[in-house]
Amino acid sequence: MEFDHFDEEMAAAMLAHPDGGGGLSTYLGFRHDQFTAGRLVAAFDARDDLKTPFGNLHGGCLSAFVDHCLGVVFYPVIPAGAWVATTEFKLNLLRAVTDGTCVATTEILSLTRRTGVARVDVTNVGQLVCAAQGTVTIVPPRT
(Lines of atoms letter the chains of each structure in order from A; the text may use other names.)
(Lines give C-alpha, C1' and ligand atoms only; values in the text may rest on other atoms or scores of the structure.)
Protein backbone atom coordinates (compact mmCIF):
# COMPACT_ATOMS: atom_id res chain seq x y z
CA MET A 2 0.00 0.00 0.00
CA GLU A 3 1.23 3.50 -0.85
CA PHE A 4 1.02 6.39 1.62
CA ASP A 5 0.93 10.11 0.90
CA HIS A 6 2.81 10.82 4.10
CA PHE A 7 5.35 9.00 6.27
CA ASP A 8 6.87 10.79 9.26
CA GLU A 9 10.29 9.14 9.57
CA GLU A 10 11.14 11.19 12.67
CA MET A 11 8.03 9.93 14.48
CA ALA A 12 8.81 6.33 13.53
CA ALA A 13 12.41 6.76 14.68
CA ALA A 14 11.25 8.25 17.99
CA MET A 15 8.95 5.27 18.57
CA LEU A 16 11.82 2.90 17.86
CA ALA A 17 14.11 4.87 20.18
CA HIS A 18 11.73 4.42 23.13
CA PRO A 19 11.75 0.70 23.87
CA ASP A 20 9.16 1.10 26.65
CA GLY A 21 6.26 1.15 24.17
CA GLY A 22 4.99 4.55 25.27
CA GLY A 23 4.12 4.26 28.96
CA GLY A 24 1.15 2.91 30.89
CA LEU A 25 -0.03 -0.64 30.23
CA SER A 26 2.34 -1.07 27.30
CA THR A 27 5.30 -0.33 29.57
CA TYR A 28 4.02 -2.66 32.28
CA LEU A 29 3.59 -5.48 29.77
CA GLY A 30 7.00 -4.70 28.23
CA PHE A 31 6.02 -3.95 24.64
CA ARG A 32 8.88 -2.87 22.42
CA HIS A 33 8.98 -1.62 18.86
CA ASP A 34 11.56 -3.42 16.75
CA GLN A 35 10.92 -2.27 13.13
CA PHE A 36 8.90 0.58 11.69
CA THR A 37 8.33 1.38 8.03
CA ALA A 38 5.45 3.08 6.23
CA GLY A 39 2.38 1.01 7.04
CA ARG A 40 4.21 -1.75 8.88
CA LEU A 41 5.23 -2.26 12.52
CA VAL A 42 7.04 -5.18 14.11
CA ALA A 43 6.78 -5.22 17.91
CA ALA A 44 7.48 -7.75 20.63
CA PHE A 45 7.04 -8.63 24.30
CA ASP A 46 8.09 -11.50 26.53
CA ALA A 47 5.75 -14.06 28.10
CA ARG A 48 6.81 -13.38 31.70
CA ASP A 49 5.73 -15.64 34.56
CA ASP A 50 3.78 -12.82 36.26
CA LEU A 51 1.56 -12.54 33.15
CA LYS A 52 0.56 -16.20 33.12
CA THR A 53 -2.59 -17.90 34.35
CA PRO A 54 -2.47 -20.53 37.11
CA PHE A 55 -2.28 -23.08 34.25
CA GLY A 56 1.04 -21.65 33.03
CA ASN A 57 -0.24 -19.92 29.87
CA LEU A 58 0.06 -16.26 28.97
CA HIS A 59 -3.25 -14.57 29.74
CA GLY A 60 -5.21 -13.83 26.56
CA GLY A 61 -5.76 -10.27 27.78
CA CYS A 62 -2.04 -9.62 27.31
CA LEU A 63 -2.30 -10.61 23.65
CA SER A 64 -5.44 -8.51 23.30
CA ALA A 65 -3.69 -5.46 24.77
CA PHE A 66 -0.72 -6.12 22.47
CA VAL A 67 -2.98 -6.23 19.40
CA ASP A 68 -4.75 -3.01 20.45
CA HIS A 69 -1.40 -1.26 21.01
CA CYS A 70 0.02 -2.32 17.64
CA LEU A 71 -3.24 -1.49 15.86
CA GLY A 72 -3.02 2.12 17.00
CA VAL A 73 0.72 2.72 16.80
CA VAL A 74 1.14 1.57 13.19
CA PHE A 75 -0.96 4.52 11.95
CA TYR A 76 0.80 7.46 13.61
CA PRO A 77 3.60 8.00 11.08
CA VAL A 78 1.17 7.96 8.14
CA ILE A 79 -1.56 10.28 9.44
CA PRO A 80 -1.37 14.09 9.64
CA ALA A 81 0.72 15.59 12.44
CA GLY A 82 -1.42 16.26 15.49
CA ALA A 83 -4.09 13.71 14.54
CA TRP A 84 -4.64 10.71 16.77
CA VAL A 85 -6.29 7.31 16.46
CA ALA A 86 -8.95 5.61 18.54
CA THR A 87 -9.60 1.91 18.24
CA THR A 88 -13.13 1.39 16.95
CA GLU A 89 -13.10 -2.38 16.98
CA PHE A 90 -10.89 -5.39 16.59
CA LYS A 91 -11.39 -9.11 16.38
CA LEU A 92 -8.76 -11.59 17.36
CA ASN A 93 -8.47 -15.32 17.16
CA LEU A 94 -6.31 -16.90 19.84
CA LEU A 95 -4.92 -19.88 17.98
CA ARG A 96 -2.65 -21.62 20.50
CA ALA A 97 -1.40 -21.22 24.04
CA VAL A 98 1.76 -19.24 24.80
CA THR A 99 3.81 -20.70 27.63
CA ASP A 100 7.15 -18.94 27.26
CA GLY A 101 9.38 -17.06 24.85
CA THR A 102 8.74 -13.85 22.96
CA CYS A 103 5.55 -12.83 21.18
CA VAL A 104 6.22 -10.93 17.95
CA ALA A 105 3.49 -8.93 16.21
CA THR A 106 3.68 -7.97 12.57
CA THR A 107 1.14 -5.26 11.87
CA GLU A 108 0.28 -4.04 8.37
CA ILE A 109 -2.13 -1.35 7.27
CA LEU A 110 -4.71 -2.71 4.84
CA SER A 111 -6.74 0.46 4.24
CA LEU A 112 -6.43 4.13 5.10
CA THR A 113 -8.80 7.01 4.45
CA ARG A 114 -9.00 10.45 6.04
CA ARG A 115 -11.27 9.12 8.79
CA THR A 116 -10.61 5.40 9.23
CA GLY A 117 -7.90 2.82 8.98
CA VAL A 118 -7.88 -0.97 8.95
CA ALA A 119 -4.90 -3.11 9.90
CA ARG A 120 -4.04 -6.77 10.33
CA VAL A 121 -1.95 -8.02 13.24
CA ASP A 122 -0.35 -11.47 13.24
CA VAL A 123 1.34 -12.55 16.48
CA THR A 124 3.86 -15.39 16.50
CA ASN A 125 5.61 -17.17 19.35
CA VAL A 126 8.47 -19.60 18.89
CA GLY A 127 7.87 -19.46 15.13
CA GLN A 128 4.18 -20.37 15.29
CA LEU A 129 1.13 -18.18 14.71
CA VAL A 130 -0.62 -17.74 18.07
CA CYS A 131 -3.01 -14.88 17.32
CA ALA A 132 -4.56 -13.47 14.14
CA ALA A 133 -6.37 -10.14 14.39
CA GLN A 134 -7.85 -7.35 12.33
CA GLY A 135 -9.09 -4.01 13.54
CA THR A 136 -10.40 -0.60 12.63
CA VAL A 137 -9.38 2.78 14.00
CA THR A 138 -11.02 6.16 13.78
CA ILE A 139 -8.64 8.95 12.82
CA VAL A 140 -9.35 12.07 14.82
CA PRO A 141 -8.10 15.23 13.09
CA PRO A 142 -5.87 17.72 14.88
CA ARG A 143 -7.63 20.35 16.96
CA THR A 144 -7.53 23.78 15.41
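Taking the working numbering, the leading residue of the sequence shown gets 2, the next gets one more, and so forth. For glycine and all other residues, C-beta sits at the position ideal for the given N, C-alpha and C. These numbers come from a predicted model, not from an experiment.
- Residue pairing for N93: DSSP places it in a beta bridge opposite A132.
- The Cβ atoms of T87 and T116 lie no closer than 9 Å to each other.
- Secondary structure of D100 (DSSP, three-state): coil.
- Secondary structure at V73: helix, using DSSP grouped into helix, strand and coil.
- Under the DSSP definition of a beta bridge, R32 partners with A44.
- Contact fails between the stretch 63-71 and the stretch 3-17, because fewer than three Cβ pairs, one in each stretch, are under 8 Å apart.
- DSSP places A119 in the uninterrupted beta strand (DSSP E) bounded by 116-125.
- If you ignore the 5 residues before and after T107, its C-beta comes within less than 6 Å of the C-beta of L41, C70, V74, A119, V121, all in its own chain and listed in chain order.
- Separation of F36 and K52 (C-alpha to C-alpha, rounded to the nearest whole angstrom) is 28 Å.
- In this structure, the CA atom of F45 is about 9 Å from the CA atom of H33.
- Between the C-alpha atoms of H18 and Y28 there is a straight-line separation of about 14 Å.
- Of the residues E10, A47, V78, M11, the one whose Cα lies closest to the Cα of A38 is V78.
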